[in-house]
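Per the numbering used here, the first sequence starts with residue -3, numbered consecutively.
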Amino acid sequence: MEIVPLHPWNLTPAQARELQTRLATRIQLTGTVRNPSSIAGIDVSVSRSSRKGRAAITVLDYSSLKLIDNAIYEGEISFPYIPGLLSFREAPLIIEAWKKLNVRPDVIMMDGQGIAHPRRCGIASHLGLMLDVPTIGCAKSRLIGIAADPAKKAGGITPLVDGDEIIGAVVRTKDGVKPLYISIGHKIAIEHCIEIVLNCCRGYRLPEPVRMAHMAAGATALHYIK
DNA sequence: GCGACAG
DNA sequence: ATCTTGTCGC
C-alpha cells in the first residue's frame, strides 16, 4: 500500500514535538465513512529488551468482521518510549507493514490516542496523515483529559475534556470492564468513531480489529500456546 | 520542586 | 509494552 512521505524519523524529542504541532494543523476533525466494506486494526508489540518490535495490521470485512487481509513487520525499535511521542517509536514499523498490505481498508482503528494528545497529534492522527485513510484512536488508558466514569453497561459514554475542548470520549465496550479512550484520528467525526467502535465489539473489551491485531502482533502469545 | 504520563 | 498465578467478582 502507498504512504505519504511526510518527514524523516530520526528526530530528537524536541524536534518530534515541534513536528506534531505542525502536523496537528492538517488533521481533519470531521468526516464519515460511507458504507465501509473493510476496517483495519493496528497494534505493535515490543520485546522485553525493547530492542525489537512487531507491527501487525489486520483488515476485516466490516459486516462479518472476518479477516480478509493482514501484514506483519518485525524490526528494530530505535526511539524510546516517551509519553506523547509514541508514534516516533511505533509508526516506523507500522509503515513498513502497511507497504506489505494488499487490501486498502476504508477506515483504521489504532491502539493509541488520536487528538486526545497534548499537541492534538497522537499516533492514530499521525498515521491517518501518513496513510491518508480515516483513523480512529482507540486507547486502553488515558494520556490527557478529564472525564466522568461512564455507565457500567456496555455503551456507556462520557466526554473526555481538556480545558474547554472536548478531545474524545470514554466508552464502555463491555459490561463492567475498564472503558476505552476513543478520539478522532483523522478525517472522521467523534460520533462516527464511537459508532464504529461499538459496532465492532463482539463480547470483548477490545473491538475486533484491534483485538485481532493485538493477537497477531504476538503480545502475550506464549500464554495461549501453553 | 512534585506528580502524571498512550504503549 | 513487559514481568506473571492465582484469585476475586459478575
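We put the CB at the ideal spot given by N, CA and C, even for glycine.
Valine 167, DSSP secondary structure in three states: It is a strand residue.
May I ask which residues mark the beginning and end of the beta strand (DSSP E) holding lysine 48? In the DSSP assignment, lysine 48 falls within the unbroken beta strand (DSSP E) covering 48 to 57.
At which residues does the alpha helix (DSSP H) containing serine 83 begin and terminate? In the DSSP assignment, serine 83 falls within the unbroken alpha helix (DSSP H) covering 83 to 96.
Limits of the alpha helix (DSSP H) - the one that arginine 204 falls within: For the sequence presented, residue 204 should be read as glutamate rather than arginine. 204 to 212 is the span of the alpha helix (DSSP H), which, as asked, contains glutamate 204.
Which runs of the alpha helix (DSSP H) fall wholly inside the region 126 to 207 and span at least 4 residues, in chain order? Taken in chain order, the complete alpha helix (DSSP H) segments of 4 residues or longer contained in the region 126 to 207 are 186 to 195.
With a 10 Å radius around its C-beta and 16 neighbouring C-beta atoms as the bar for buried, classify tryptophan 5 as buried or exposed. Looking at its Cβ environment, which holds fewer than 16 other Cβ atoms inside 10 Å, tryptophan 5 is exposed.
With a CB to CB cut of under 7 Å and the five nearest residues on each side skipped, what residues in its chain are close to histidine 3? Excluding residues within five positions, the ones whose Cβ falls inside 7 Å are Leu15.
Quick one: grab the DSSP three-state call for isoleucine 119. Here isoleucine 119 sits in helix by DSSP.
Using the beta-carbon count (16 or more within 10 Å), is aspartate 171 buried or exposed? By the Cβ-count criterion, aspartate 171 is exposed, with fewer than 16 other Cβ atoms from all chains shown falling within 10 Å of its own Cβ.
Just verifying my parser: in three-state terms, what is the DSSP assignment at alanine 112? Alanine 112 sits in coil when the DSSP states are folded into three classes, being neither helix nor strand.
Quick check: the Cα distance between lysine 174 and arginine 168, rounded to an integer number of angstroms? Near 7 Å, if we compare the C-alpha coordinates of arginine 168 and lysine 174.
Could you tell me which residues DSSP puts in a beta bridge with isoleucine 104? Isoleucine 104 is bridged to Ala36 and Thr131.
I need the straight-line Cα distance from proline 146 to glutamine 109, nearest angstrom please. The straight-line gap from Cα to Cα measures roughly 18 Å.
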